[in-house]
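Residue numbers (the numbering used here): 123 to 375.
Glycine included, each C-beta is placed from N, C-alpha and C at the ideal position.
None of these values were measured; they are calculated from a predicted model.
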Ligand code: NAD
């Protein structure tokens with residue numbers, strides 16, 4: 123089935139300056155129809171409208187709290203009814219938290235894991251069977267350099283642990299779904315210019331971080347979107363279980 127006859131689901135693609143919205147655009151430019159799921163319903167619909175207008179594909183935006191199984195069921199029922207079969211899912215919805223481990227509360231720990239790990243589970247658990255049945259699928263997780271280097275950019279232990287959980291999730295799933303034509307990969311961005319830190323990384327702190335980036339600039343959402351779109355191509359069927367750094371060389375290992 124050509125990509126133009128399939129849908130890519132991108133979670134957390136409502137935010138205007140986020141990686142998800144740029145990814146929705148890049149996937150649509152490559153021919154994918156796009157479903158945008160986000161807590162922010164207006165943002166999700168705005169992304170979908172933008173994408174449909176710019177790239178002439180079918181797109182829909184729906185309200186969805188990925189931490190809530192009933193909300194995921196409702197959103198995916200709309201997607202299944204309105205759009206072609208799902209061939210790709212980008213687990214992009216995520217939150218970060220800078221709280222030091224010695225100050226973290228149980229609720230904060232759960233909150234970070236709920237979105238980054240349980241959310242990705244809910245969405246992937248529901249979409250993977252159809253992909254396996256049709257013999258084609260592309261699943262991408264938005265992990266982070268934080269998982270690899272042990273936090274230290276913005277996120278604390280909870281974020282780093284949740285993003286590392288995604289790496290294990292992706293690797294084991296890649297092994298299980300490889301025989302069914304479904305690839306599963308992770309991208310690990312460094313510092314990308316979005317609103318995820320709520321403006322907390324500015325001034326001197328940002329300058330110090332930039333000094334540690336060999337390519338000499340912040341990452342852009344398009345840098346990440348481009349890599350995700352590459353991993354979703356039909357031709358990229360021999361790459362699975364991999365983690366792709368997109369960090370300007372800030373962490374080379
Ligand atoms: P962002 O804050 O711009 O976007 C995140 C989106 O997720 C928002 O639209 C938000 O509404 C949505 N979201 C949050 N909780 C949700 C939930 N429960 N259900 C559905 N949607 C929900 O963030 P971003 O910087 O674009 O980050 C996207 C992903 O990339 C995240 O997983 C993040 O951890 C990861 N990442 C970002 C950076 C960075 O520097 N920006 C670095 C590494 C990894």
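Of all the options 220, 183 and 148, which has the alpha carbon lying nearest to the alpha carbon of residue 163?
Considering only 220, 183 and 148, the residue with the shortest C-alpha distance to residue 163 is 183.
Could you check which residue in 238, 324 and 174 has the C-alpha nearest to that of residue 284?
Comparing alpha carbon positions, the residue from 238, 324 and 174 closest to residue 284 is 238.
Reduced DSSP secondary structure (H/G/I, E/B, other) of residue 318
Coil, per DSSP.
Kindly examine ligand 1 and report whether one of its heavy atoms sits closer than 7 angstroms to the Cβ of residue 188.
Flag set: Cβ of residue 188 near ligand 1.
Sequence-distant residues of the same chain with beta carbon closer than 8 angstroms to residue 153, five excluded per side:
If you ignore the 5 residues before and after residue 153, its C-beta comes within less than 8 angstroms of the C-beta of 124, 125, 126 and 179, all in its own chain and listed in chain order.
Any heavy atom of ligand 1 closer than 7 angstroms to the CB of residue 195?
Set against 7 angstroms, the gap from the CB of residue 195 to the closest heavy atom of ligand 1 is not smaller.
Classify residue 308 as helix, strand or coil using the three-state DSSP reduction.
Three-state result, residue 308: strand.
Are the CB atoms of residue 257 and residue 303 nearer to each other than 8 angstroms?
The answer is yes: Cβ separation under 8 angstroms.
DSSP has residue 367 in a bridge; who is on the other side?
According to DSSP, which records beta bridges pairwise, residue 367 is partnered with 310.
For the candidate residues 264, 254, 343 and 249, whose alpha-carbon lies nearest to that of residue 138?
Closest option to residue 138, Cα to Cα, is 343.
Measure from the alpha carbon of residue 129 to the alpha carbon of each residue in 359, 351 and 369, then state which is nearest.
Cα-wise, what sits closest to residue 129 is 351.
Can you name the residues that DSSP bridges to residue 259?
Answer is 304, bridged to residue 259.
Using a Cβ distance threshold of 8 angstroms, determine whether the stretch 229-243 contacts the stretch 331-338, with at least three qualifying pairs required.
The count of Cβ pairs closer than 8 angstroms, one atom from the stretch 229-243 and one from the stretch 331-338, stays below three, leaving the stretches out of contact.
Which two residues bound the contiguous alpha helix (DSSP H) that contains residue 191?
That run of the alpha helix (DSSP H) goes 191-204.
Taking residue 171 as part of the alpha helix (DSSP H), name the residues at either end of that continuous run.
If you look at residue 171, you'll find it in the alpha helix (DSSP H) that goes 163-177.
Is residue 358 near ligand 2, going by C-beta to nearest heavy atom under 7 angstroms?
Ligands present in the displayed structure are limited to ligand 1, and ligand 2 is not among them.
Looking at the structure shown, is residue 267 part of a helix, part of a strand, or coil, going by DSSP?
In the structure shown, residue 267 sits in a helix (DSSP, three-state: H, G or I).
Is residue 181 buried or exposed, if buried means 16 or more other CB atoms sit within 10 Å of its CB?
Buried is the call here.
Leaving out the 5 sequence neighbours to the left and right, which residues in its chain are closer than 8 angstroms to residue 272 when beta-carbon positions are compared?
Only residues of its own chain outside the window of five on either side were considered, and among them 282 have a CB closer than 8 angstroms to the CB of residue 272, listed in chain order.
Less than 7 angstroms separating the Cβ of residue 215 from some heavy atom of ligand 1?
Residue 215: yes, Cβ under 7 angstroms from ligand 1.
Just tell me which of 362, 259 and 372 has its CA closest to the CA of residue 296.
Of the candidates 362, 259 and 372, the one whose C-alpha sits nearest the C-alpha of residue 296 is 362.
Could you tell me if the beta carbon of residue 308 falls within a distance shorter than 7 angstroms of some heavy atom in ligand 1?
Checking every heavy atom of ligand 1 against the Cβ of residue 308, none is found closer than 7 angstroms.
CB-CB under 8 angstroms to residue 177, same chain, minus the five flanking residues each way: which ones, in chain order?
Hits under 8 angstroms: 147, 150 and 151.
Specify, as a first and last residue, the run of the alpha helix (DSSP H) that residue 218 falls within.
Going by DSSP, residue 218 is part of no alpha helix (DSSP H) at all; its letter is neither H nor E.
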